[in-house]
Amino acid sequence: MAARLLLRSALRAATTCRTARVPVLRRGMGAGGIPTDEEQATGLEKIIMSAMKEGKDPYNMMKPKEYSGTKDDPHLVPSITNKRIIGCVCEEDNTAVVWFWLHEGEAHRCPSCGSHYKLVPHEMPH
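Have a look at this one:
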């Protein structure tokens with residue numbers, strides 16, 4: 006009973022006091038539609054998306070490029086320091102990994118299979 010009375014008085018007050026029509030707020034695709042990921046991204050996500058558009062791979066998320074592994078065309082290994090330990094699976098069905106240190110400078114050779122690797126400097130994106 007009290008709810009009906011309160012509802013009626015609220016409705017009466019809303020209809021009698023309102024002189025100008027108030028626009029109704031709507032949710033949805035009002036002006037421009039649903040924003041794209043690029044329009045909605047901010048901060049570090051926006052930096053990563055713009056770098057990916059330019060063809061850069063800031064966090065090595067994509068598959069690395071294939072190199073022949075010869076002395077003229079070594080496998081490039083990015084590093085933020087002047088040395089890095091790497092593992093070489095010399096044959097496709099091999100279960101053992103050959104680990105060795107790779108230092109900045111000339112290309113180094115895998116002691117087991119003979120593939121060449123070269124350390125290249127890598128800058129962190131942030």
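Anchor point for the sequence shown: position 48 equals 53 in our numbering, and the numbering is continuous, going up by one each time.
Here a beta-carbon is modelled for each residue, glycine too, at the ideal position from N, C-alpha and C.
The structure displayed is predicted, hence computed values, not measured ones.
Query	Result
Taking 8 Å as the limit between beta carbons, can you name the residues of its chain near residue 75, skipping five residues before and five after?	121
Taking Cβ positions, are residue 117 and residue 95 nearer each other than 7 Å?	yes
For residue 115, I'd like the list of residues in its chain whose CB is within less than 8 Å of its CB, leaving aside the five on either flank, ordered along the chain.	93, 95, 103, 105, 121, 122
According to the neighbour-count rule (16 or more other Cβ atoms, all chains shown, within 10 Å of its Cβ), is residue 80 buried or exposed?	buried
Of the residues 45, 112, 59, which one's Cα is nearest the Cα of residue 89?	112
Apply the 10 Å Cβ neighbour rule to residue 107 and answer buried if 16 or more other Cβ atoms are within range, or exposed otherwise.	buried
Quick check on the DSSP output: the beta strand (DSSP E) that includes residue 84 runs from which residue to which?	80-84
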